Amino acid sequence: MQGDTGRVLSYSRGQHLPPPPVFPCLIKELAIKTIPAALQVPIRGNGNVGAVAELFDISCLYNTVLFEAIPDLAIGVWKSAPPSLTPQQIISKLQPLSSPAVLGEHFYVLNPLTGQGLNPEWNFSAHGRFKGNADAYVVAAKVNGTAAPTGSQDIDWVSLKSLTGKLAQQVYRTDTRLGQPPASCTPGSPDITVRYASKYWLFGSSV
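In this text, residue positions in the sequence shown follow the numbering used here: the first is 1479, and each later residue adds one.
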């Protein structure tokens, strides 16, 4: 993201890429001023309710080359890790790439308005300055999306709006690396880990 214009930028092979057309110029003032962006990496699968992922504070890296490169660095750690390491052990190796703080978790829940279908939730209520704050979450619904400019191997960039919770009114997923799910899975089979990394931007917080 570029502070003076609010444009989202992506890093790939050492170059800045223009934002996909679905993303408007973002408002300049970030909702959570000390947390402009988070790096997401998966922890584990969770049956039929979507992924569970850990979110790291990378705000201290903002406006640096490392901030732009960190999704690629995170994926590099995933790819080079021995098969014997658990996802949790791999995630611990990512800590030096970001600030020490774990912001929270990202997972899927039943739609809180209709009780049908699954929607993503970002929950920061168990960590850091939001610990114990029951309002430090957002359940959101997709507004729009576009293919990642880095190729079909990377999951889409998306924009979402809040359904409930006070953590944010708008959420953007950008700078995705990998993350395409398998075509199918067998009910009752062990959890799977889909390797990916992405950045999330949260706007309009009231916590």
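For glycine and all other residues, C-beta sits at the position ideal for the given N, C-alpha and C. Since this is a predicted model, take the numbers as computed values, not measurements.
According to DSSP, is residue i helix, strand or coil?
i       : result
VAL1672 : coil
VAL1587 : strand
ALA1626 : coil
LYS1677 : strand
GLY1554 : helix
GLY1643 : coil
PHE1545 : helix
PRO1499 : At PRO1499, the pLDDT of 41 sits below 50, so the modelled position is not reliable and the matter cannot be decided from this model.
GLN1658 : coil
PHE1534 : strand
LEU1563 : coil
THR1512 : Any answer about THR1512 is weak, because its pLDDT of 32 lies below 50 and its placement is not dependable; what the coordinates show is given next. It is coil, neither helix nor strand.
GLY1682 : coil
GLY1606 : helix
Please list, in chain order, all residues of the same chain as residue i whose beta carbon is under 8 Å from its beta carbon, the five residues on each side excluded.
i       : result
ILE1553 : ARG1655, LEU1656, ARG1673, TYR1674 and ALA1675
GLN1594 : LEU1588
LEU1638 : PRO1598, ALA1618, ALA1619, LYS1620, VAL1621, GLN1648, VAL1649, TYR1650 and ARG1651
Only counting the same chain, and skipping five residues up and downstream in sequence, which positions put a Cβ closer than 7 Å to that of residue i?
i       : result
VAL1597 : Checking the sequence shown, residue 1597 turns out to be Asn, not Val. Taken in chain order, the residues that qualify are TYR1586, VAL1587, ASN1589, VAL1617, ALA1618, ALA1619 and LEU1641.
LEU1645 : TRP1600, PHE1602, ALA1614, TYR1615, VAL1616, LEU1680, SER1683 and VAL1685
ALA1625 : ASP1634
LEU1436 : This structure leaves residue 1436 out entirely; the chain is present only between 1479 and 1685.
ASP1632 : ALA1626, THR1654, ARG1655, LEU1656 and GLY1657
ALA1612 : SER1603
PRO1668 : none
Apart from the five residues just before and just after residue i, which ones in its own chain have a Cβ nearer than 6 Å to its Cβ?
i       : result
ARG1607 : none
GLY1610 : none
GLY1623 : ASP1634 and VAL1636
GLY1643 : TYR1615, VAL1616 and VAL1617
Hey, is residue i close to the ligand GDP, as in C-beta under 8 Å from one of its heavy atoms?
i       : result
ASP1634 : Looking for the ligand GDP in the displayed structure turns up nothing, as the structure carries no ligands at all.
Spell out a yes or no on whether the region 1651-1659 and the region 1531-1543 are touching, meaning 3 or more CB-CB pairs, one atom from each, closer than 8 Å. no
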